[in-house]
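What the sequence shown shows, in this note's numbering, is residues 69 to 279, in sequence order.
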Amino acid sequence: MSDISVGARDSLNRVYGLDPVLYNGIIYASVYPKNVKGDQYFSSINYVRGEATIRGIKYKNLDLNYDIYKQELLLKYLNPNNTYNIIMVSKAWLEGFSIGNINFEFYSTPEIPRRIYQVLGNYSIRLLYYNKKILQLNNAAGSSNFYFLPGKELFVLMDNSILKFHNNRSFIRLFAPEKQPIIKKYLRKNRIKVRKAPDHVMEELINFCNK
69 MSDISVGARD
79 SLNRVYGLDP
89 VLYNGIIYAS
99 VYPKNVKGDQ
109 YFSSINYVRG
119 EATIRGIKYK
129 NLDLNYDIYK
139 QELLLKYLNP
149 NNTYNIIMVS
159 KAWLEGFSIG
169 NINFEFYSTP
179 EIPRRIYQVL
189 GNYSIRLLYY
199 NKKILQLNNA
209 AGSSNFYFLP
219 GKELFVLMDN
229 SILKFHNNRS
239 FIRLFAPEKQ
249 PIIKKYLRKN
259 RIKVRKAPDH
269 VMEELINFCN
279 K
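Okay, structure coming up:
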């Protein structure tokens, strides 16, 4: 895999044109109801420096955001006319990306089509989070507002299988019988509720489960 710093290539882009591998996407249009509450993004409306791997090439120092309602990676860049564009990066060649220190990769199974997961863990057994938002109509009397309802599905990637869990009990049952008491003890000792625990706690947990 080769690495390319986008900042270092800006002058070349202005002379020779934009890299068609990276800048191969559709212009992003944020078309949502005016009275919607919240936003469609993974974390915030702000674009954050990150990386994207496309056809084996890692592009660095990109201004990225993630629309989890549409499940699209967004790239903001200065075009040769000195104006900013935002495109949805083509998922045909996109292999993975990071926004800040948060990593995302594509996975699929025979039951679940290829989609984007947040990845936690440094070893063969990993946590996968499928983050999403649903646009809902507020059913309160007299309200005509829409709002984005966030959601997250939790999985363990183990032995090339993507295994879903909902709580501590279903998480523990994903592992071999001889490991279950050890993991249960770890959860109790550290007072972890897998549904609510922050990312850094869950990453420590899944790394422990690899031992």
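Don't be surprised by glycine CBs; every beta carbon is placed ideally from N, CA and C.
Distance CB(residue i)-CB(residue j) smaller than 7 Å
i: ASN275; j: GLY219; result: no
i: LEU242; j: LEU196; result: no
i: VAL104; j: GLY168; result: no
i: TYR185; j: TYR175; result: yes
i: CYS277; j: ILE170; result: no
i: ILE240; j: GLN248; result: yes
i: ILE122; j: LEU162; result: yes
i: THR285; j: ILE250; result: Nothing in the structure corresponds to residue 285, since the chain is present only between 69 and 279.
i: PHE214; j: LEU222; result: no
i: LEU90; j: TYR127; result: yes
Extent of the continuous beta strand (DSSP E) to which residue i belongs
i: PHE243; result: Neither: PHE243 is in no beta strand (DSSP E) and is coded neither H nor E.
i: ILE136; result: Counting along the chain, ILE136 falls outside any beta strand (DSSP E), and DSSP gives it neither H nor E.
i: LYS280; result: Residue 280 lies beyond the residue range present for the chain, which begins at 69 and ends at 279; the question has no answer from this structure.
Status (buried if at least 16 other CB within 10 Å, exposed otherwise) for residue i
i: SER166; result: buried
i: VAL157; result: buried
i: ARG263; result: exposed
i: GLY85; result: With a pLDDT of 48 at GLY85, under the threshold of 50, the predicted position of this residue should be treated as unreliable, though the coordinate-derived value follows. Classification of GLY85: exposed, given that the 10 Å Cβ count is below 16.
i: TYR198; result: buried
i: LYS201; result: buried
i: GLY93; result: buried
i: VAL99; result: exposed
i: TYR152; result: exposed
i: ALA160; result: exposed
i: SER79; result: Here the model assigns SER79 a pLDDT of 38, short of 50, so the residue's position is not dependable, and the following value carries that caveat. So SER79 counts as exposed.
i: ALA120; result: buried
i: LEU255; result: buried
i: ILE95; result: exposed
i: LEU217; result: exposed
i: LEU205; result: exposed
i: GLU140; result: buried
Start-to-end residues for the alpha helix (DSSP H) that takes in residue i
i: ILE274; result: 267-277
Test: residue i CB closer than 7 Å to a CB of chain B
i: TYR215; result: Absent from the structure is chain B; it holds one protein chain and no more.
Residue i Cβ short of 6 Å to the ligand FMN heavy atom set
i: LEU231; result: Among the components of this structure there are no ligands whatsoever, and the ligand FMN is therefore not found.
message = Ignoring anything shorter than 3 residues, give me the beta strand (DSSP E) runs that lie fully in the segment 90-126, in order along the chain.
response = As far as the segment 90-126 is concerned, its whole beta strand (DSSP E) runs of at least 3 residues are 93-95, 116-122.
ask   = In chain order, which beta strand (DSSP E) runs of at least 3 residues are fully inside the segment 146-226?
value = Counting only runs of 3 or more, we get 152-157, 162-167, 170-175, 183-188, 194-205, 214-226.
The segment 131-139 contacting the segment 96-112, beta-carbon criterion three pairs below 8 Å = As far as the Cβ criterion goes, the segment 131-139 touches the segment 96-112, which means the pair count is three or higher.
inquiry  = Taking contact to mean 3 or more Cβ pairs, one atom from each stretch, closer than 8 Å, check whether the segment 228-241 and the segment 136-155 are in contact.
reply    = No: the two stretches stay apart, fewer than three of their Cβ pairs being nearer than 8 Å.
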